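Visitor:
In the numbering used here, the protein residues as written are 83 to 639.
Below, the structure is given as C-alpha cells:
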C-alpha cells in the first residue's frame, strides 16, 4: 500500500513517531562524531588542494582559530527567542467597556525595517502540514542530518575540486544560524570563512538542541518577504490571520516564499502561484498530504489581506507624523524595536469624520450633486457631512479640478492634535496620497496670517481701538520696488475702522497698514516665536503682501 492510500492523519502520526525515534536514537557516540565533523567540514569546503599543502595539523589549527570566538548556541537561542517588542501608537477610541471613559485604540505598530514584523508562535500551534511542507521544501534531511546537509557539502567539495561554483543550499539549521547570529553585513557574503562559521555553529546547535526547537526557531526567524519575519507574521501580512489558521493552500504559498522572497503573492502573484503548486507536489511526494488534498489546495483561490490590513494602520498620516517625531526624540533604533507604548491626543472618531467629510466635499467640488453626495455620506456613517456649507446654485455641477485636501483639528488652549488628515486618500498614488500635506505641504495661509501682524502691532504699544483708514492707497515698499496697492476681498472700502473691527471683518488694507507700521521683520519674528517653522528665506524675500498670506506655511503651524 502506498503513502497515497493511507489516511493523512495516520501519515502525520507516523511522521511524529518517526521523529521521536530519531531523536531518542543513541546520541553518546553522535556527539563525538559531530565534534570531528567540524574538521571534516573545514577540509571539504576549503578543498583537498589547500589542505594537502597545509597539512592536517595546520587544518586543525585553522579549525581551532575559527571556533575560538564563535557565538555559543545560547547566543543563537537568545537572538532567536528574545521577545521582539515593536513600538505601538495609540489614539483615543470610543468607550468600549461602558465605564464612561474612552479607551485607547491601537492605530499603528512600528515595524523595524531590519527585523521586520514578528509574531512568535510555538511549534505546537503550527499546522502539521506547515511543518512537513517546510522540511520537504527546505531540507529533506533535516530530521537526520548533523546540522548541515552532508550531500550538499559533498557537492561543494567536488565543485571546489573542479573550480566550479559551489552548489547546494543551506540546511534549516544553517539558516537559523544565519538569521540569528551572523552579522547582517556578512549574511550575503559568498566567503568560505562565513560558510564555515555558519556550519560549525549549526553542528553545535544540533548537538545541544532537539530538532523541534531548531525548527521552531527557523519558522519564527525566516524572511517571508514584505518585512514579514516568521511564519505567523507572514500569515498575518498576506492573509490577515495567524499561522495556526492557515489553510493548506495558504501554507504552501508561504512555504514557497523564503527561497525567493520577492516571488510572493503581492509582488509576483503569478510566480507565487506556480511555486505554491510546486510545493504542494513536493509535499505529496514526501507523504505530507494526499494527491487529492493537493488538487483541492491548487484549486483554492487566495483571499489576500488588503493593503490596510497588511500594514494594520489607522489614521496613517498622523501615525507616520508621530513616528517621525519619536525618531527625532529617541532615535530610529529605539522606536523600531524598543517596545514603546505611545498614547497620543488623536480622537480617532473625529479623525475618521474629518477623513470622510474631506472626501465628500471633494466629490462636490469635482462636480457631483450635493443632494446625492451628502445623504450617501451620512448613510455611510459620515455624520459630519450634514454640516458642510451650502454650495451656491451657480457652482453645483461645476468641476473645479481639485483633487486633494488636508485637515488638522487642534485644541486651541493646549495645542493637542485631535485630527490630522494629510490627503484625501493615503493609499491613492495618483495624488501622492502618502505625502502629508497637513504636516509637510507648503501652502499660502491667506488671511489666517493677519493675527500675527496685529499681535506684533499691539505688542508695540497700540491698542484694539487704533483707527485705520480703509481706503484705496499705495504703500511704499522701498527703493527699487513698485508701490503695493492692496484691495479688500469685496472690492469695497469702509473709511475709518478700528483695529478690532478690521480684524473681525478681515479687511485687507488695515492689515497691510499695520504691517507697514510694525515692520515685516518684526512680524516674521513674532510668527516664528509662535510656532511658524517656515518663512525663513530671509527678509528680502517677503513684502507687505505677507500679511495677506503672501508666504508659504505648513497647515499644522
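We put the CB at the ideal spot given by N, CA and C, even for glycine. Since this is a predicted model, take the numbers as computed values, not measurements.
Report buried or exposed for residue 615, applying the criterion of at least 16 other Cβ atoms within 10 angstroms of its Cβ.
Guide: It counts as exposed.
Visitor: Does the beta-carbon distance from residue 421 to residue 168 come in below 9 Å?
Guide: In this structure, residue 168 lies closer than 9 Å to residue 421 by Cβ.
Visitor: Between the Cα of residue 224 and those of 256, 528, 588, spot the shortest distance and give me the residue it belongs to.
Guide: If we check each option's Cα against that of residue 224, 256 comes out closest.
Visitor: Nearest by alpha-carbon distance to residue 589: which of 621, 599, 563, 536 is it?
Guide: When each option's Cα is compared against that of residue 589, the closest is 536.
Visitor: Measure the C-alpha to C-alpha separation of residue 116 and residue 363 and round it to an integer number of angstroms.
Guide: Confidence at residue 116 is low in this model, with a pLDDT of 46, below 50, so the placement of that residue is unreliable and no value is reported for it.
Visitor: Kindly provide the ranges of any beta strand (DSSP E) runs that are 3 or more residues long and lie completely inside the segment 445 to 494, ordered along the chain.
Guide: The qualifying runs are 489 to 492.
Visitor: Rounded to the nearest angstrom, how far is the Cβ of residue 444 from that of residue 484, given a contact under 8 Å?
Guide: Indeed they touch by this definition, with Cβ atoms about 6 Å apart.
Visitor: Residue 580 bridges to which residues according to DSSP?
Guide: Answer is 549, bridged to residue 580.
Visitor: For residue 674, which three-state DSSP category applies?
Guide: Examination of residue 674 is not possible in this model, given that the chain is present from 83 through 639 alone.
Visitor: Measure the alpha-carbon distance for residue 315 versus residue 325 and round it to whole angstroms.
Guide: Answer to the nearest angstrom: the Cα atoms are 8 Å apart.
Visitor: Skipping 5 residues on each side, what residues in its chain have a beta carbon closer than 7 Å to that of residue 529?
Guide: So the list reads 588, 630, 631, once near-sequence residues are dropped.
Visitor: Under a Cβ-count criterion, where at least 16 other Cβ atoms within 10 Å of its own Cβ denotes burial, should residue 263 be classed as buried or exposed?
Guide: Result: buried.
Visitor: Are there 16 or more other CB atoms within 10 angstroms of the CB of residue 499, so buried, or fewer, so exposed?
Guide: Its Cβ being crowded by 16 or more others within 10 Å, residue 499 is buried.
Visitor: Hey, how far is the Cα of residue 191 from the Cα of residue 341?
Guide: Taking the straight line joining both Cα atoms gives about 27 Å.
Visitor: Assuming residue 501 contacts residue 491 (C-beta within less than 8 Å), just tell me the rounded distance between them.
Guide: With a Cβ gap of about 4 Å, residue 501 and residue 491 count as contacting.
Visitor: Pick from 547, 624, 176, 203: whose alpha carbon is nearest that of residue 79?
Guide: What the structure shows of the chain is the stretch from 83 to 639, and residue 79 is not part of that stretch, so it cannot be assessed.
Visitor: Tell me residue 181's beta-bridge partners as DSSP assigns them.
Guide: Paired residue(s): none; residue 181 is not in a bridge.
Visitor: Out of 384, 556, 369, state which residue places its alpha-carbon closest to the alpha-carbon of residue 355.
Guide: Checking every option, the nearest Cα to that of residue 355 belongs to 384.
Visitor: Between which two residues does the alpha helix (DSSP H) harbouring residue 299 extend?
Guide: Element bounds for residue 299: 293 to 303.
Visitor: If the criterion is Cβ atoms closer than 9 Å, does the pair residue 430 and residue 175 meet it?
Guide: Yes, the Cβ-Cβ distance between residue 430 and residue 175 is below 9 Å.
Visitor: Reducing DSSP to helix, strand and coil, say where residue 636 ends up.
Guide: Here residue 636 sits in strand by DSSP.
Visitor: Going by CA-CA distance only, name the one from 638, 542, 555 that's closest to residue 605.
Guide: The option with the nearest alpha carbon to residue 605 is 542.
Visitor: Would you be able to state if there are at least three C-beta pairs under 8 Å between the segment 364 to 376 and the segment 213 to 220?
Guide: The answer is yes - the segment 364 to 376 touches the segment 213 to 220, with three or more Cβ pairs under 8 Å.
Visitor: So, under 8 Å CB-CB, residue 300 and residue 337 are touching, yes? Tell me the CB distance rounded to an integer number of Å.
Guide: Contact flag wrong, Cβ pair sits at about 12 Å.
Visitor: If you follow the alpha helix (DSSP H) that residue 535 is part of, which residue opens it and which one closes it?
Guide: 532 to 541 is the span of the alpha helix (DSSP H), which, as asked, contains residue 535.
Visitor: Under the DSSP definition of a beta bridge, which residues are partnered with residue 503?
Guide: For residue 503, which the question treats as bridged, DSSP gives the partners 489.
Visitor: Just list the residues that DSSP pairs residue 525 with in beta bridges.
Guide: The partner list for residue 525 (beta bridge, DSSP) reads 635.
Visitor: Check whether the Cβ of residue 422 sits closer than 8 Å to any heavy atom of the ligand ATP, and report yes or no.
Guide: Absent from the structure shown: the ligand ATP. Ligands present: none.
Visitor: Quick one: give me the first and last residue of the beta strand (DSSP E) that residue 429 is part of.
Guide: Run containing residue 429: 423 to 429, per the beta strand (DSSP E) assignment.
Visitor: Per DSSP, what kind of secondary structure is residue 386 in: helix, strand or coil?
Guide: Of the three classes helix, strand and coil, the one that applies to residue 386 here is coil, per DSSP.
Visitor: Between which two residues does the alpha helix (DSSP H) harbouring residue 594 extend?
Guide: Start and end: 590 to 600.
Visitor: Is it a yes or a no for the segment 501 to 519 touching the segment 398 to 418, going by three-plus beta-carbon pairs under 8 Å?
Guide: Yes, the segment 501 to 519 is in contact with the segment 398 to 418.
Visitor: Please state the DSSP three-state secondary structure of residue 255.
Guide: Helix.
Visitor: Under the rule that 16 or more other beta-carbon atoms within 10 Å means buried, what is residue 621, buried or exposed?
Guide: Residue 621 should be labelled exposed.
Visitor: Let me know the secondary structure DSSP gives residue 189 once reduced to three states.
Guide: If DSSP states are grouped into helix, strand and coil, residue 189 belongs with the strands.
Visitor: Give the straight-line distance between the Cα atoms of residue 108 and residue 173, rounded to the nearest whole angstrom.
Guide: Because residue 108 sits at a pLDDT of 40, beneath the cut-off of 50, its placement in the model cannot be relied upon, and the point is left open.
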